[in-house]
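In what follows, a structure is listed as C-alpha cells, so that the remarks can point back to it.
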Amino acid sequence: MFSEYTTEELQNIFMMQGFSGLSLFSVLLLMGLGLALIFGQMGVINMAHGEFMALGAYTVYFCSTLTEQYAPAFGPYYFICAIGIAFLVCALVGALVEFLMIRHLYHRPLDTLLATWGLSLIMQQTYRSLFGAREVTPTLPEWLMGSFNLKEGLDIPINGVFVLCLALLVTFVMILFMYKSKFGLRLRATVQNRKMSSAVGINTGKVDRVAFSLGCGIAGIAGAAFTTIGSTGPDSGSRYIVDAFLVVVFGGAANMLGCVASAFGIAQAQSILEFFLEGTKGKVATLLVIVVALMLRPQGLFPSKVRGH
Amino acid sequence: MSRLGHAALAVALLAASSLRAAPPPTSEVNTTGLAVTDTTVTVGQLHSATGTMAISETGSIQAEQLAIDQINAAGGVLGRQIKVIKEDGASDWPTFAEKAKKLLVSDKVGTVFGCWTSASRKAVLPVFEKENGMLYYPTFYEGLEQSKNVIYTGQEATQQILAGIDWIAKEKKAKTFYLVGSDYIWPRTSMKIARKHIENVLKGTVVGEEFYALGSTSFGSLINKIKLKKPDVIYAAVVGGSNVSFYKQLAAAGINGTKQTLLTISVTEDEVLGIGGENLAGFYSAMKYFQSLDNPNNKEFVAAFKAKYGAASVIGDVTQAGYLGPWLWKAAVEKAGSFDIDKIVAASPDLELKTAPEGYVKLHPNHHLWSKLRIGQWQKNGQAKVLYESELLEPNPFPKGYQ
Chain A
1 MFSEYTTEEL
11 QNIFMMQGFS
21 GLSLFSVLLL
31 MGLGLALIFG
41 QMGVINMAHG
51 EFMALGAYTV
61 YFCSTLTEQY
71 APAFGPYYFI
81 CAIGIAFLVC
91 ALVGALVEFL
101 MIRHLYHRPL
111 DTLLATWGLS
121 LIMQQTYRSL
131 FGAREVTPTL
141 PEWLMGSFNL
151 KEGLDIPING
161 VFVLCLALLV
171 TFVMILFMYK
181 SKFGLRLRAT
191 VQNRKMSSAV
201 GINTGKVDRV
211 AFSLGCGIAG
221 IAGAAFTTIG
231 STGPDSGSRY
241 IVDAFLVVVF
251 GGAANMLGCV
261 ASAFGIAQAQ
271 SILEFFLEGT
281 KGKVATLLVI
291 VVALMLRPQG
301 LFPSKVRGH
Chain V
310 MSRLGHAALA
320 VALLAASSLR
330 AAPPPTSEVN
340 TTGLAVTDTT
350 VTVGQLHSAT
360 GTMAISETGS
370 IQAEQLAIDQ
380 INAAGGVLGR
390 QIKVIKEDGA
400 SDWPTFAEKA
410 KKLLVSDKVG
420 TVFGCWTSAS
430 RKAVLPVFEK
440 ENGMLYYPTF
450 YEGLEQSKNV
460 IYTGQEATQQ
470 ILAGIDWIAK
480 EKKAKTFYLV
490 GSDYIWPRTS
500 MKIARKHIEN
510 VLKGTVVGEE
520 FYALGSTSFG
530 SLINKIKLKK
540 PDVIYAAVVG
550 GSNVSFYKQL
560 AAAGINGTKQ
570 TLLTISVTED
580 EVLGIGGENL
590 AGFYSAMKYF
600 QSLDNPNNKE
610 FVAAFKAKYG
620 AASVIGDVTQ
630 AGYLGPWLWK
640 AAVEKAGSFD
650 IDKIVAASPD
660 LELKTAPEGY
670 VKLHPNHHLW
680 SKLRIGQWQK
690 NGQAKVLYES
700 ELLEPNPFPK
710 GYQ
C-alpha cells in the first residue's frame, strides 16, 4: 500500500502517526490514573469517575465564560488556572462524596458499584439542568490552537503536545507522592494491611478520604485537558468510563506502572490498527487483543502481589 | 411587544374570532373517537428532553411548539385550539414505543410530532401502524421506509446526497473522495449511496471509507491517512460529540477550508455552536435549510424563533423541518375537513405549503417532501453562506441502483 508514495511523505506520516499514538496514550493515561488510584488502592469501583471528568471539563467551561465576561485580558492565561481550579473542585466534591457515601460502603465492593453508578446518574442530570443538554466547548486560548509546522507536510498539533506534557507531569507528581511522601507511605501501608496500619496509629479513615478525593481531583484534571480535544455534554462521562476501566483492568488495577504501560500499549495498538484497518475495525481488533491478553493473564499486566483491606 | 407584534396579534385575534363563529360540529370532524372537543384538539409531542439525544431534539421541540402557538394564535385548526401533551422518550428506544402507545391509546391524540433518530422511529413505527396514529418525523434520514402513518418532513438520503455530490464534483472538478462517518445506520446507508453515485455516475474514485464509533474522540490515524491519500473531497457524516473532535483535530493538523474541500451532510447551525465557526470556516454543508436563507418566510420564522427562545438561539435543518410538521398537519386536516386519520392520509398527497421557511414544499404521495437542496459554506461567525440551490427534488426513499 505504500509503493505509490515518496519516502519523504512516508517519513512524515510515520512521525505524525507515532505522535497520534502518543497523544492517545496521554488521553488514556489521564483517564486511567485517578481510577487506578481509587480502584487499585482502595478496592472501590467508582462508576462516577467519568462524571468527575465531566465536572472538570465544565469547571473549565465555567471559568472560560467568567473570563470572557469579566476579564477578557486574562484570556490567554486563564486555561492554566482553570486546570488547577478543576482539580480543586473535583477533589472537594470527591471528599464530600467519600464522607457522605463511600465510607459507609467500604466492605461492600458490589454496593459501591451500584451507589457510584447512581451517583453518576444524579451528576449527569445535574449537569443537564445547570448547563443544558447541548454540548459546550470553552473558548481556548490562541496558543493552544493550531500546530507546529516542523516542515512541509509534517504538522504536530499543539493541543496534543500540551495534553501529553500534562499527562506526564501528573503521572510524575503522583509517583513522587506515592513513593516519596509520608502520606504515600501511609496509603501503601493501609492497602497492604488495614488493621495493622490502624494499630500503629495511621488514621485509615483519613487516608481513604484523601486518596478518594485525590483520585477525583486527577479525574478533574483529565476532564479539563480533554476540553482541548473534544466537547463536553452531560453524558460525556459515560463515554470516558469504558476506556478508563479498560486501562486500569488491563494494567493490573494496582499500580501506577501498570497503568502507564497499559495506556501506552492500548493507545499504540489502537492507533496502528486504525491506520491499517479502519476506525471501527481498528477498535474491535484492539479490544480483541485485550480480551486475549486478559484470558492469558487474568490479573493484568502488572498484578499486585498483595490484596487486602 | 413590538408594534408589528401588536398588529399581528390583532389580526390573529380577528381571524380567530371570525373562525370561532362557526366551527364544524365535533361529531362531523371526529368519527373515530380522537381527543377532539368543540373548542380543542389534543396532539402529542414525543422527543427526548433528557439523555444523549436531548442535545439534538431540543431544537425540534422548540420549533414544533412555536408552530403550534402560531397556529393557535391564528384561530387553531377547524376552529379548535391545539393542546399539547409532551412526552419524553429519554433517548431510550423502548421508552419511545411505550410513550407512543400511551399517547395513541390513552390520550387519543389527533397526531404526534416526534422522534429524531432512526432507531426511535423504527421503535414507534409498529405502534403507529397498529393503532392507526399519525407521526410527523422531522429528521433527514437514510430512506428505505414509507408508511401510511408517517409523514417525513426532512429529506431522505438521495435528496441530500446526490445533488450535493454533483455540485462539488462539478465546482471543484473533484475525482477522488474520502468518505468518513459515525458507525450506525444513517451514515452507513448514506455512504453506500454516495459511493454508488461517485463510482457509477460520476466515474470518480473512493480512496477511503471509514466509520468511527459514536462518541469517538481520536481521529489522528484517520487524518494521517487523509494526508497521505490527498483526496479532492472529504465527504463526512460524523455526528454528535465526535463532530467537535473531528473538526478540531482537522484544524490542528493543518487541514482547513483554504487547503482542502470538505462536504458534510451532518453539520447544521446547531453543531457549529459546539465545533466553533473558526474550525469550520470554508467547509461546505449540504442541507435543505440554512438559517441565513434570504426569503420573507424565513426572515419571519427566524425573528419569531429568536423572540421566543432568545437572540442567541440558532436554527438548524431539523429544527426547520420540525416547524413544518404542525403546519402540514393543519393543512391536511383543513383539506380533509376532518381529524380522522384516514381522511388526513387521503388528503395529504400533493398538499402544498407556501409559507415554509425553506420556501415552497409539496408532499409527495410517498409521504416525503419535494424540497430543494442547498450548499452552504460555513463562515467564522457560525452562519452559512448559501452558494447553490438545486431544483425542487423528488423524494425517492427506495432508490433503484443505490441499494
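First to last, the protein sequences are chains A and V.
Note that the first sequence covers residues 1 to 309 in this note's numbering.
Note that the second sequence covers residues 310 to 712 in this note's numbering.
Virtual Cβ for every residue (Gly too), placed ideally from N, Cα, C.
DSSP beta-bridge partners of residue i
i, result
"residue 684(V)", "595(V) and 697(V)"
"residue 486(V)", "515(V) and 542(V)"
"residue 252(V)", "Since the displayed chain V opens at 310 and closes at 712, residue 252(V) lies outside it and no answer follows."
"residue 147(A)", "157(A)"
"residue 506(V)", "For residue 506(V), which the question treats as bridged, DSSP gives no partner whatsoever."
"residue 393(V)", "352(V)"
"residue 520(V)", "490(V)"
"residue 122(A)", "Per DSSP, none; premise fails for residue 122(A)."
"residue 465(V)", "450(V)"
"residue 460(V)", "445(V)"
"residue 573(V)", "545(V) and 594(V)"
"residue 702(V)", "680(V)"
"residue 137(A)", "Per DSSP, none; premise fails for residue 137(A)."
"residue 232(A)", "136(A)"
Assigned exposure category for residue i - 16 Cβ within 10 Å defines buried
i, result
"residue 422(V)", "buried"
"residue 662(V)", "buried"
"residue 30(A)", "buried"
"residue 507(V)", "buried"
"residue 326(V)", "The predicted position of residue 326(V) is uncertain, since its pLDDT is 49 and thus under 50; a value taken from the coordinates is nonetheless stated next. With fewer than 16 other Cβ atoms within 10 Å, it is exposed."
"residue 579(V)", "buried"
"residue 306(A)", "Bear in mind that a pLDDT of 49 at residue 306(A), under 50, signals an unreliable position, so the number given afterwards is only what the model happens to contain. Flag for residue 306(A) reads exposed."
"residue 11(A)", "exposed"
"residue 152(A)", "exposed"
"residue 283(A)", "buried"
"residue 562(V)", "buried"
"residue 41(A)", "buried"
"residue 331(A)", "Nothing about residue 331(A) can be reported from this structure: the residues present for chain A run from 1 to 309 only."
"residue 581(V)", "buried"
CB-CB length for residue i against residue j, believed under 8 angstroms
i, j, result
"residue 572(V)", "residue 595(V)", "6 angstroms"
"residue 219(A)", "residue 101(A)", "No, residue 219(A) and residue 101(A) are not in contact; Cβ-Cβ is about 16 angstroms, not under 8 angstroms."
"residue 656(V)", "residue 665(V)", "Incorrect: roughly 18 angstroms between the Cβ atoms, too far for contact."
"residue 670(V)", "residue 386(V)", "With 8 angstroms as the limit, residue 670(V) and residue 386(V) do not qualify as a contact, their Cβ atoms being about 19 angstroms apart."
"residue 64(A)", "residue 82(A)", "7 angstroms"
"residue 59(A)", "residue 522(V)", "Not a contact, Cβ separation roughly 27 angstroms."
"residue 181(A)", "residue 190(A)", "The Cβ separation is near 14 angstroms, so there is no contact."
"residue 274(A)", "residue 554(V)", "Wrong, their Cβ atoms sit about 14 angstroms apart, outside the cutoff."
"residue 513(V)", "residue 484(V)", "5 angstroms"
"residue 674(V)", "residue 465(V)", "Contact doesn't hold; Cβ gap of about 14 angstroms is too wide."
Nearest residue (CA-CA) to residue i, options the options
i, options, result
"residue 695(V)", "658(V), 528(V), 592(V) and 465(V)", "592(V)"
"residue 233(A)", "141(A), 76(A), 107(A) and 51(A)", "51(A)"
"residue 495(V)", "453(V), 609(V) and 526(V)", "453(V)"
"residue 681(V)", "425(V), 462(V), 346(V) and 366(V)", "462(V)"
"residue 228(A)", "659(V), 584(V) and 400(V)", "584(V)"
"residue 635(V)", "473(V), 444(V) and 357(V)", "444(V)"
"residue 489(V)", "535(V), 338(V), 505(V) and 450(V)", "535(V)"
"residue 90(A)", "131(A), 243(A), 217(A) and 165(A)", "217(A)"
"residue 250(A)", "206(A), 293(A), 87(A) and 99(A)", "293(A)"
"residue 143(A)", "117(A), 135(A) and 157(A)", "157(A)"
"residue 75(A)", "200(A), 19(A), 140(A) and 6(A)", "140(A)"
"residue 243(A)", "7(A), 6(A) and 35(A)", "35(A)"
Pair within 9 angstroms by beta-carbon distance, residue i and residue j
i, j, result
"residue 428(V)", "residue 402(V)", "yes"
"residue 493(V)", "residue 543(V)", "no"
"residue 222(A)", "residue 240(A)", "yes"
"residue 412(V)", "residue 396(V)", "yes"
"residue 262(A)", "residue 300(A)", "yes"
"residue 345(V)", "residue 389(V)", "yes"
"residue 545(V)", "residue 525(V)", "no"
"residue 111(A)", "residue 105(A)", "yes"
"residue 391(V)", "residue 340(V)", "no"
"residue 170(A)", "residue 187(A)", "no"
"residue 281(V)", "residue 338(V)", "Because chain V here runs from 310 to 712, residue 281(V) falls outside it and cannot be looked at."
"residue 25(A)", "residue 164(A)", "yes"
"residue 433(V)", "residue 355(V)", "yes"
"residue 566(V)", "residue 686(V)", "yes"
"residue 93(A)", "residue 55(A)", "yes"
Near the ligand ADP: residue i beta-carbon under 8 angstroms from a heavy atom
i, result
"residue 242(A)", "Absent from the structure shown: the ligand ADP. Ligands present: none."
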